[in-house]
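Colleague: Residue numbers (our numbering): 24 to 559.
Cβ coordinates follow ideal geometry from the N, Cα and C atoms, glycine included.
It should be emphasised that the depicted structure is a prediction, and the values quoted were computed from it without experimental measurement.
One structure, as C-alpha cells, below. Some questions next.
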C-alpha cells in the first residue's frame, strides 16, 4: 500500500461530533488532523483477462482519510473517510459558518480494525470563521483531487470488465448526432483515439458499473455512473434511462487546474455543442465577487458583535415563514418546525436557502420555521391564509419570536394577512418582507408594501447596485436594500447560485438579529437606550 500525505488542514478544531443512526457521539478533541490517501499496487483487470493480469498499476482508494491526533497521549485517534459523493457543507451550513459538516462519510469503529463503521454526518466546530473556511477549502481541494482520479480511471475497489481504444473520424463525427454532442472537444486533426472503459465494483452485495470515456491528447474525461441501476437500465434501454445516470465530467481551466463537476445528461450534451472558447465556465475573474466573498468581508463586523458564550442573555428568536426545509436538510437544523400545508414531502430549496443565510449571519439564532408553501412559488388563494396563521403561531407563546422573516409575497391584498402583521407589530415583533422579483411589471408584493407594519427589502448585487429584478422604489416610504444575489445553492452539487429579494430579506433578518443580540449583551445593556425609555 502506498501512502500519500495530503496536508495538515487545521490545529484549531474545538470539537468533533458524529451523528449516525439517530445517535450522537462526541469524538475526542484532536490536537491536529492530517489528510492521507492510499493507493494499492495491483492489476485492475479481472481473472478472465489472462493476458492483462500481469499489468499492474497503482489504483487509488475511493476515499481519503482525515486522521486525528489526540490532545492527550492516552486518547485514541479517530478516522473519517471522505469519498467523491461526500458533501462538504460550510457556507450554507444550517449549524452556522463556524461549523464544517461532512455528510455521507464513513467512520470506522477503530483505526486498527478493517471493518467500516456507520455512515453518518461529522461536524467540525471552530471558534473562528476563517479557520472553518480554510478547513473547508482544504477538504474541498482534496475531494477535487479524489474526484479527478474517480473520473479518469478505476479505483482500488474496481475492476476493468471491458476496455476499447478506437479511432474516430471527425469528418464522420459531424454527421453523427451522438458523437457530435459528446463533450470531448475535437482538435484540428481529423483522427483521434477514443478510449472507452467499463469498470465494476461490488458494494453491499450489489454490482455497480460505470463507464469512463477519454480522448488521447485531451486531459479531461467523462464518467457515466450507473451505480446499482444496471438491471433497470438494461430493461428500459439506455436512451430511456439517461435521467437515472449520474454524470461526472473532468475539465481544466486556463491555469491547468482540474475542475470536476456533476451534471445531468441534458446539461452534458448541451455543453458539448458549445465552442471550446466557452469552456472556461468554472473560472472566476479577479473582479467577480460572490455572496460568499461579501459574507467573508462582513465577518470582522460579526466577530466584533458576537457575545460572550458565558453571558446568559436570551438569544434572538427568528421565525422564517417560507417553503420550509427540504427533506434532505431538515434533520440538520435545530429549529421548532410547523407545517401549515399538510403535504408530507418537501422538495423545495427556497426556504432552506433562506434559513441557511440567516444562520450564517447569526449562528446563535433560535429558529422557528413555518412551512406555508408547497413549492417555490406562492399560492395567491391559500398562501395568505396560511401565512397569517403562521404569523399568529410565531408571535404567540411558546414561540414569542423577536423577528419574522418573510421571503415571499402576494400580488393581492389580504385582510387576514394585514391583521396578522398589524398584530405582530403591536407585539413588538419586527416583520421583514421581500419586495418581489417582478421588476416594473407590478408593484411591491404584500405584505412588504404594508408601510406601517413591515420592513420592505430590495436587493443589491455585490457591487452595491440595485438588482435588475427589483420593483420600482416607492416615493411614499423608505426603501431598504441589501445583498440578494449570488448565494450558493444549498445543494452544493448543483454548482448554482440563488438570487432575489428573498435572499436579501434573509440577509436583513440575520443582520437585524445580530444587532438585537448585541443590544442584549451584558456589556452593552447600560449604554444602549430603548426607544420606549425615551418616549419614542
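(1) What is the C-beta distance between residue 124 and residue 103, in whole angstroms, given that I count them as a contact (C-beta under 8 Å)?
(2) Does the Cβ of residue 86 have 16 or more other Cβ atoms within 10 Å, making it buried, or fewer, making it exposed?
(3) Return the residue from the list 530, 408 and 235 that minimises the CA-CA distance to residue 177.
(4) Determine the burial state of residue 427: buried for a count of at least 16 other Cβ atoms within 10 Å of its Cβ, exposed for fewer.
(5) Return the bridge partner residues of residue 585 from the DSSP annotation.
(6) What is the rounded straight-line gap between the Cα of residue 32 and the Cα of residue 25?
(7) Exposed or buried, residue 407, counting other C-beta atoms within 10 Å across all chains shown (16 or more means buried)?
(8) For the segment 340–358 against the segment 496–505, are there 3 or more C-beta pairs whose distance is under 8 Å?
(9) Which whole-angstrom value is the C-beta distance of residue 325 and residue 390, which I expect to be below 8 Å?
(10) For residue 412, which residues in the same chain have their Cβ closer than 7 Å to its Cβ, ignoring the five residues on either side in sequence?
(11) Determine the DSSP secondary structure at residue 26, reduced to helix, strand or coil.
(12) Between residue 44 and residue 143, what straight-line distance do the alpha-carbon atoms span, to the nearest angstrom?
(13) Contact between the segment 470–485 and the segment 517–527: three or more CB pairs below 8 Å?
(14) Over what stretch of residues does the beta strand (DSSP E) that includes residue 60 continue unbroken?
(15) Pull up the distance between the alpha-carbon of residue 41 and that of residue 148, whole angstroms please.
(16) With DSSP as the reference, label residue 317 as helix, strand or coil.
(17) Tell me whether the beta-carbon of residue 396 lies closer than 8 Å to the beta-carbon of residue 436.
(18) Alpha carbon to alpha carbon, how far is residue 119 from residue 448? Give it in angstroms, no decimals.
(19) So residue 373 is in the alpha helix (DSSP H); what residue range does that whole segment cover?
(20) Closest to residue 47 by C-alpha separation, out of 130, 110 and 64, would be which residue?
(21) Which whole-angstrom value describes the C-beta separation of residue 187 and residue 216, a residue pair presumed to lie in contact below a C-beta threshold of 8 Å?
(22) Rank 248, 330 and 273 by C-alpha distance to the C-alpha of residue 265 and give the top, closest one.
(23) Distance, Cα to Cα, residue 492 vs residue 510?
(24) Rounded to a whole number of angstroms, what is the C-alpha to C-alpha distance between residue 487 and residue 317?
(25) Less than 8 Å between the beta carbons of residue 352 and residue 375, yes or no?
(26) For residue 448, which three-state DSSP category applies?
(27) Measure from the alpha carbon of residue 338 to the alpha carbon of each residue in 538, 458, 109 and 80, then state which is nearest.
(28) At 3 residues or longer, and completely inside the segment 408–468: list those beta strand (DSSP E) runs for me, N to C.
(29) Taking the CB atoms as reference points, tell me whether residue 416 and residue 340 lie closer together than 8 Å.
(30) With a cut-off of 8 Å on the beta carbons, I'd call residue 348 and residue 414 a contact; round off their distance for me.
(31) Starting from residue 274, trace the beta strand (DSSP E) both ways and give me its first and last residue.
(32) In terms of residues, what are the limits of the alpha helix (DSSP H) holding residue 172?
(33) I need the DSSP call for residue 254, collapsed to helix, strand or coil.
(34) Looking at the unbroken beta strand (DSSP E) that takes in residue 109, where does it start and where does it end?
Modeller: Based on what the coordinates show:
(1) Taking the chain shown and counting its residues from 1, the one referred to as residue 124 is at position 101. Taking the chain shown and counting its residues from 1, the one referred to as residue 103 is at position 80. Not a contact, Cβ separation roughly 11 Å.
(2) Taking the chain shown and counting its residues from 1, the one referred to as residue 86 is at position 63. Residue 86 is buried by the Cβ-count criterion.
(3) For the purposes of this step, residue 177 is taken as residue 154 along the chain shown, with counting starting at 1. The residue with the shortest Cα to Cα distance from residue 177 is 235.
(4) Within the chain shown, residue 427 is the residue found at index 404, counting from 1. Buried is the call here.
(5) Because the chain spans 24 through 559 in this model, residue 585 falls outside it and cannot be assessed.
(6) To locate residue 32, count along the chain shown from 1; it is residue 9. To locate residue 25, count along the chain shown from 1; it is residue 2. Approximately 21 Å between the Cα atoms of the pair.
(7) For this step, residue 407 is matched to residue 384 along the chain shown. When all chains shown are included, residue 407 counts as buried.
(8) no
(9) Residue numbering aside, residue 325 sits at position 302 when the chain shown is read from its first letter. Residue numbering aside, residue 390 sits at position 367 when the chain shown is read from its first letter. Contact flag wrong, Cβ pair sits at about 17 Å.
(10) To locate residue 412, count along the chain shown from 1; it is residue 389. If we look at residue 412 and ignore the five residues flanking it on each side, its Cβ neighbours are 363.
(11) Stepping through the chain shown from its first residue, residue 26 is reached at position 3. Strand.
(12) Looking up residue 44 in the chain shown gives position 21. Looking up residue 143 in the chain shown gives position 120. In a straight line, the C-alpha of residue 44 is about 7 Å away from that of residue 143.
(13) yes
(14) Here residue 60 refers to the residue found at position 37 when the chain shown is read from its first residue. It spans 53–65 - the beta strand (DSSP E) in which residue 60 sits, taken as one unbroken run.
(15) Position 18 of the chain shown holds residue 41. Position 125 of the chain shown holds residue 148. About 12 Å.
(16) Numbered from its first residue, the chain shown carries residue 317 at position 294. Three-state DSSP puts residue 317 in a helix.
(17) Translated into positions along the chain shown, residue 396 becomes position 373. Translated into positions along the chain shown, residue 436 becomes position 413. Not a contact, by the Cβ cut-off of 8 Å.
(18) Residue mapping note: residue 448 aligns to position 425 of the chain shown, counting from 1. Residue mapping note: residue 119 aligns to position 96 of the chain shown, counting from 1. Each residue's Cα considered, the two are about 28 Å apart.
(19) Numbered from its first residue, the chain shown carries residue 373 at position 350. Counting along the chain, the alpha helix (DSSP H) containing residue 373 begins and ends at 373–384.
(20) Your numbering for residue 47 matches position 24 in the chain shown. Ranking 130, 110 and 64 by Cα distance to residue 47 puts 130 first.
(21) As a first step, residue 187 must be located in the chain shown, where it is residue number 164. As a first step, residue 216 must be located in the chain shown, where it is residue number 193. Their Cβ separation, rounded to whole angstroms, is 10 Å, which puts residue 187 and residue 216 out of contact at 8 Å.
(22) To locate residue 265, count along the chain shown from 1; it is residue 242. For the residues 248, 330 and 273, the minimum Cα distance to residue 265 belongs to 248.
(23) Taking the first residue of the chain shown as 1, we reach residue 492 at position 469. Taking the first residue of the chain shown as 1, we reach residue 510 at position 487. Straight-line Cα distance between these residues: approximately 16 Å.
(24) Here residue 487 is taken as the residue at index 464 of the chain shown, counted from 1. Here residue 317 is taken as the residue at index 294 of the chain shown, counted from 1. One C-alpha to the other measures close to 11 Å.
(25) The residue you call residue 352 lines up with position 329 of the chain shown. The residue you call residue 375 lines up with position 352 of the chain shown. Yes.
(26) The residue labelled residue 448 in the question sits at position 425 within the chain shown. Reduced to three states, the DSSP call for residue 448 is helix.
(27) Start at 1 with the first residue of the chain shown, and residue 338 comes out as number 315. Among 538, 458, 109 and 80, the Cα nearest to that of residue 338 belongs to 538.
(28) 426–429 and 453–457
(29) Within the chain shown, numbered from 1, the residue matching residue 416 stands at position 393. Within the chain shown, numbered from 1, the residue matching residue 340 stands at position 317. The answer is no: Cβ separation not under 8 Å.
(30) In the chain shown, residue 348 corresponds to position 325, counting from 1. In the chain shown, residue 414 corresponds to position 391, counting from 1. With 8 Å as the limit, residue 348 and residue 414 do not qualify as a contact, their Cβ atoms being about 19 Å apart.
(31) Within the chain shown, the letter at position 251 stands for residue 274. 269–275 is the extent of the beta strand (DSSP E) around residue 274.
(32) Counted from its first residue, the chain shown places residue 172 at position 149. Residue 172 -> alpha helix (DSSP H) spans 152–175.
(33) In the chain shown, counting from the first residue as 1, residue 254 sits at position 231. Helix at residue 254.
(34) If you number the chain shown from 1, residue 109 lands on position 86. Counting along the chain, residue 109 falls outside any beta strand (DSSP E), and DSSP gives it neither H nor E.
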